[in-house]
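Q:
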Amino acid sequence: MDATLTSRGNWQSILGRYPFVPALIILIMLLVFNGMAEPNSLSFRSVNGLFKTYMALMFLAVAQTLVVSAADVDLSLGAILSLVNVTVVTTIGVFGDGPLAIVAACLVGVFVGFLCGLLNGFVVAGLNLQPIVATFATGVLFTGIALWVLPVAGMPVPSAYWRLYGGSVLGIPFIYYILAGLGLAIFLISRTTLMVKILAVGDDQQGAFQSGLPVTRIRISAYAYCGVFSAFAALCITGDTASGDPLVGNAMTLYSIAAVVLGGTALSGGKATLLGAAIGALTIGLINSLVFFVGTPSEWQNLVQGMSILVALMLGIFVSRRVEQ
Amino acid sequence: MRLKSLLLSAAILAFGASSGAAEEFTIGLSNGWVGSEWRTQMIEEAEEAAKKWAGKGDTIKVVVQSANVDVPGQIAHIRNFISQGVNAIIINPNSPTAFDPVFAQAKEAGILVVSTDAEVSSPDAVYIGINQKAWAEAGAEWLAKAIGGKGNVVAINGVAGHPANEMRASGYREVFANYPDIKIVNEVNANWDQAQGQQAMQNLLATYPDLAGVWVQDGMAAGAWRSIADAKRTSNIAATGEIRKDFIDLWVKEGLNSGASVNPPGVMASALNVAVFMLKGRELTKPATDGQYKNSMYLPIPFVNSDNVKSVATALDGKPGFYSYTQSLSIDEAEALFK
């Protein structure tokens with residue numbers, strides 16, 4: 000009896016400190032299953048491919064977590080990604096394709112993402128509109144601007160850009176430098192006072208306001224950071240696709256929310272794990288691959304994918320609840 | 000799997016590609032959108048086509064990834080196929096440009112990449128399908144003649160910015176520009192959605208009472224025609240149609256003044272048959288160098304008008320209402336394209 004209590008207590012403290020643990024366990028299970036179904040899927044090259052493909056969704060999931068932590072949501076970040084993607088490729092087209100021009104174009108892209116986030120923050124927190132409706136509307140606006148910037152998909156990116164993204168530096172695939180950068184960003188952001196304030200707002204907005212926190216400003220900051228991280232995601236997409244596409248990100252928005260929840264973040268706000276969200280993004284990718292590798296007939300693939308994501312979600316929630324009781 | 004394909008390619012090299020020995024290939028099919036029955040039929044016809052190769056003594060195995068995915072999700076399809084070690088990939092792509100790097104990787108792995116239904120910019124892929132611009136031109140030519148070369152027309156398009164949509168739009172615009180008395184009074188987007196097409200047509204009928212012709216794409220045509228019928232204008236409006244059985248039946252029954260360019264779901268089956276000959280090492284008589292990306296091979300585009308609609312209706316007899324009129328290259332027809 001005592002032993003189980005302590006072990007449950009241990010789990011409780013682990014989950015309290017590392018809420019991403021259930022997501023990590025699910026991820027490892029999925030890796031094992033994938034390896035069993037198709038041994039090649041765990042080869043070095045395939046794992047690199049997994050990161051290359053899902054790095055953008057990992058950044059988007061982290062972006063989404065920032066606003067979800069404040070009990071808000073951003074339905075426009077797929078559109079922000081598209082807008083930044085086309086902005087970067089057209090800017091490169093204008094500046095030429097030297098290394099400096101590429102860096103400048105990336106900076107312009109990140110700035111555009113920041114502005115989009117700022118606008119979202121302004122309409123949601125400043126004008127006090129419903130986040131779901133408001134960011135849906137700004138998303139349509141961003142898509143419209145993206146279509147204006149680049150009406151049809153095209154505009155190749157200089158090969159220096161995408162060869163760097165897909166290639167190696169000092170013998171290590173570049174994607175792992177990005178992964179390390181994302182890891183560092185997650186580590187640092189989790190320790191900022193802003194993150195603590197965002198969580199406080201998400202936990203109890205009224206209480207946060209009464210205790211003197213500038214709630215509106217904090218929510219706007221969360222959206223601005225969300226825009227910046229969506230822009231980082233766009234830089235990854237640009238590297239993996241080597242082109243501009245004004246519609247590339249639209250379908251990614253809902254996946255980012257799924258990744259957030261899979262990672263162990265509560266949509267009600269106040270409890271968040273940035274690392275979990277990044278793990279959640281990989282989980283979605285591995286589920287999709289597994290559904291194929293086990294030989295699901297094509298007409299069932301969508302259904303099985305949806306069900307598997309649901310099961311992974313329930314598993315995570317089930318574990319957390321059991322431990323917390 | 001990889002070892003097998005390696006041995007296989009070694010065997011092909013050793014025995015020469017033209018030897019008639021039985022061969023075995025695995026072909027991966029990737030479809031990134033399952034929102035319409037057309038796509039389901041496309042996959043089914045390709046699977047059927049693969050089975051028919053048994054009659055020639057070859058074994059063509061298909062593996063399918065078909066689900067609603069975003070662009071990275073479909074890139075993952077390709078990476079999964081590379082991991083599996085398929086011989087060829089046939090893709091109906093979600094983006095024309097986004098697959099360049101991953102197709103390059105597939106080619107490095109010795110995989111033949113074929114896109115169908117939508118052209119791709121990658122120099123490492125071949126497009127086998129219809130020319131979307133010519134598809135639109137055929138419908139526009141029919142419409143221009145049907146309204147006697149004069150009058151106001153409207154266009155109901157799909158998704159703005161979608162490459163097929165833009166190619167189609169440029170197609171009908173060029174055709175109507177040749178008719179000085181035809182005026183395009185409005186062009187709207189109804190996102191390839193039948194209900195939105197119906198709604199758009201209602202608005203257009205209300206705005207332009209003197210409308211002579213409607214150029215409308217795909218399944219939206221059924222919606223548009225419903226609005227035209229509701230407004231009791233079927234006798235004095237000509238509009239393009241579509242190719243699903245439900246609409247063809249209505250067309251015959253009501254004697255509609257319609258014409259439909261056919262984008263057959265059999266394109267993927269055609270692409271598969273051509274791809275198998277490519278895998279066998281055969282060379283195309285006319286290299287695939289058409290189109291804006293210089294990597295395309297265009298298939299013929301059938302046309303349905305009031306002269307042949309009855310025979311089309313007969314061909315579709317017994318099929319479900321959502322089944323599209325289709326055509327594809329048989330194995331022998333595909334072989335005729337090779338040296």
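Heads up: the sequence lines are chains A and B, in that order.
The numbers in numbering that gives the first Met the number 0 rise by one with no breaks, and the one at position 113 of the first sequence is 112.
The numbers in numbering that gives the first Met the number 0 rise by one with no breaks, and the one at position 237 of the second sequence is 236.
The beta carbon of each residue, even a glycine, is placed where N, CA and C say it ideally should be.
All values reported here derive from a predicted model rather than from experimental measurement.
Return no unless some Cβ of chain B is closer than 7 Å to the Cβ of Val102(A).
A: False, the Cβ-Cβ gap to chain B never drops below 7 Å.
Q: Which residue from Ile300(B), Thr284(B), Lys309(B) and Ser310(B) puts its Cα closest to that of Phe337(B)?
A: Selected option, being the one with the closest Cα: Thr284(B).
Q: Nearest CA to the CA of Asp69(B): which residue from Pro296(A), Asp203(A), Gly294(A) and Met251(A)?
A: Closest option to Asp69(B), Cα to Cα, is Met251(A).
Q: Buried or exposed: which applies to Phe228(A), given that a residue is buried once 16 or more other Cβ atoms fall within 10 Å of its Cβ?
A: It is buried - the Cβ of Phe228(A) has at least 16 other Cβ atoms within 10 Å.
Q: Between which two residues does the beta strand (DSSP E) carrying Glu186(B) extend?
A: Looking at the DSSP string, the run of the beta strand (DSSP E) that includes Glu186(B) is Ile181 to Asn188.
Q: Using the three-state DSSP reduction, which class does Arg243(B) fall into: helix, strand or coil?
A: Note: Arg243(B) maps to strand in three-state DSSP.
Q: For chain B, is any of its Cβ atoms less than 7 Å away from the one on Asn301(A)?
A: By this cut-off, Asn301(A) is an interface position.
Q: Going by Cα to Cα distance, which pick from Pro21(A), Phe231(A) and Phe208(A) is closest to Ala124(A)?
A: Of Pro21(A), Phe231(A) and Phe208(A), the residue nearest in Cα terms is Phe208(A).
Q: Along the chain, where does the beta strand (DSSP E) containing Ala295(B) start, and where does it finish?
A: With the sequence shown as reference, residue 295(B) is identified as Ser, and Ala is not the correct amino acid for it. Element bounds for Ser295(B): Ser295 to Tyr297.
Q: What residues are listed by DSSP as bridge partners for Ala154(B)?
A: Answer is Glu186(B) and Trp214(B), bridged to Ala154(B).
Q: Just how far apart, CA to CA, sit Pro71(B) and Ala136(A)?
A: Straight-line Cα distance between these residues: approximately 24 Å.
Q: Throw me the rounded Cβ distance for the Ile177(A) and Cys105(A) pair, which I believe falls under 8 Å.
A: Between Cys105(A) and Ile177(A) the Cβ distance is about 13 Å, and since that is not below 8 Å, they are no contact.
Q: Step through the CB atoms of chain A and report whether any lies within less than 7 Å of the CB of Gly160(B).
A: It does; some Cβ of chain A falls within 7 Å.
Q: Any contact of the region 258–277 of chain A with the region 92–110 of chain A, i.e. 3+ C-beta pairs under 8 Å?
A: With a cut-off of 8 Å, the region 92–110 of chain A and the region 258–277 of chain A do not count as touching, because too few Cβ pairs lie within range.
Q: In chain B, what lies closer than 7 Å to Gln304(A) by C-beta?
A: Per Cβ cutoff of 7 Å: Ala66.
Q: Can His76(B) and Ser120(B) be called in contact, C-beta distance under 7 Å?
A: It is not a contact, given that the beta carbons lie outside the stated cut-off.
Q: In terms of residue numbering, what span does the beta strand (DSSP E) encompassing Asn79(B) cover?
A: First-last for Asn79(B): Val70 to Gln83, but that is the alpha helix (DSSP H), not the beta strand (DSSP E).
Q: Residues of the region 68–92 of chain B with a CB closer than 8 Å to any CB of chain A: list them in chain order, please.
A: Of all residues in the region 68–92 of chain B, Val68, Asp69, Val70, Pro71, Gly72, Ile74, Ala75, His76, Arg78, Asn79, Ile81, Ser82, Gln83 and Gly84 have a Cβ within less than 8 Å of some Cβ in chain A.
Q: In the DSSP output, what is Gly27(B) paired with across the bridge?
A: Looking at the DSSP assignment, Gly27(B) forms a beta bridge with Val62(B) and Ile88(B).
Q: Establish whether the CB of Pro319(B) and some CB of chain A are separated by less than 7 Å.
A: Taking Cβ atoms only, chain A never reaches closer than 7 Å to Pro319(B), which makes this a no.
Q: Distance cutoff 7 Å, beta carbons only. Does Asn325(A) sit that close to anything in chain B?
A: It is not possible to answer for residue 325(A), since the shown part of chain A is limited to 0 through 324.
Q: Chain B partners of Trp161(A), CB-CB under 9 Å?
A: By Cβ distance, chain B contributes Asp99 and Pro100.
Q: To the nearest angstrom, how far is it from the Cα of Gln304(A) to the Cα of Ala241(A)?
A: Looking at the two C-alpha atoms, the distance is approximately 28 Å.
Q: Which first and last residues belong to the alpha helix (DSSP H) in which Ala259(B) is found?
A: No alpha helix (DSSP H) contains Ala259(B), which is instead part of the beta strand (DSSP E) from Ser257 to Ser260.
Q: Determine the DSSP secondary structure at Ala21(B), reduced to helix, strand or coil.
A: Coil at Ala21(B), not helix or strand.
Q: Starting from Tyr175(A), trace the beta strand (DSSP E) in both directions and tell me its first and last residue.
A: Looking at the DSSP string, Tyr175(A) is not in any beta strand (DSSP E); the run it does join, the alpha helix (DSSP H), is Phe173 to Ser189.
Q: Determine the chain A residues that contact Ser94(B) at a beta-carbon separation under 9 Å, and present them in chain order.
A: Neighbours of Ser94(B) on chain A, chain order: Ala152, Thr240, Ser242, Asp244, Leu246 and Val247.
Q: With three or more C-beta pairs closer than 8 Å as the rule, is the region 247–258 of chain B touching the region 303–319 of chain B?
A: Judged by Cβ distances under 8 Å, the region 303–319 of chain B makes contact with the region 247–258 of chain B, as three or more pairs qualify.
Q: Is there a C-beta anywhere in chain B that falls below 7 Å from the one on Phe291(A)?
A: Yes, its Cβ sits closer than 7 Å to a Cβ of chain B.
Q: Hey, quick one: how far does the alpha helix (DSSP H) through Ala45(B) stretch, first residue to last?
A: Element bounds for Ala45(B): Glu36 to Lys51.
Q: Check distances from the C-beta atoms of the region 47–71 of chain A to those of chain B and list, in chain order, the residues that come in under 7 Å.
A: Under the 7 Å Cβ criterion, the region 47–71 of chain A contributes Gly48, Thr52, Tyr53, Ala55 and Leu56.
Q: Using beta carbons (cut-off 7 Å, strictly below), is Ser45(A) in contact with chain B?
A: Chain B contact via Cβ: present.
Q: How far does the alpha helix (DSSP H) with Ala132(A) in it extend, from its first residue to its last?
A: Here residue 132(A) turns out to be Val, not Ala, going by the sequence shown. It spans Pro130 to Val148 - the alpha helix (DSSP H) in which Val132(A) sits, taken as one unbroken run.
Q: Taking Ser255(A) as part of the beta strand (DSSP E), name the residues at either end of that continuous run.
A: Element bounds for Ser255(A): not the beta strand (DSSP E) but the alpha helix (DSSP H), Met251 to Gly262.
Q: Which chain A residues are close to Glu165(B), counting only those with a beta carbon under 8 Å from its beta carbon?
A: Those within 8 Å of Glu165(B) in chain A are Pro150 and Val151.
Q: Comparing the C-beta of Met313(A) with each C-beta of chain B, is any distance below 7 Å?
A: No - not a single Cβ of chain B is within 7 Å of the one on Met313(A).
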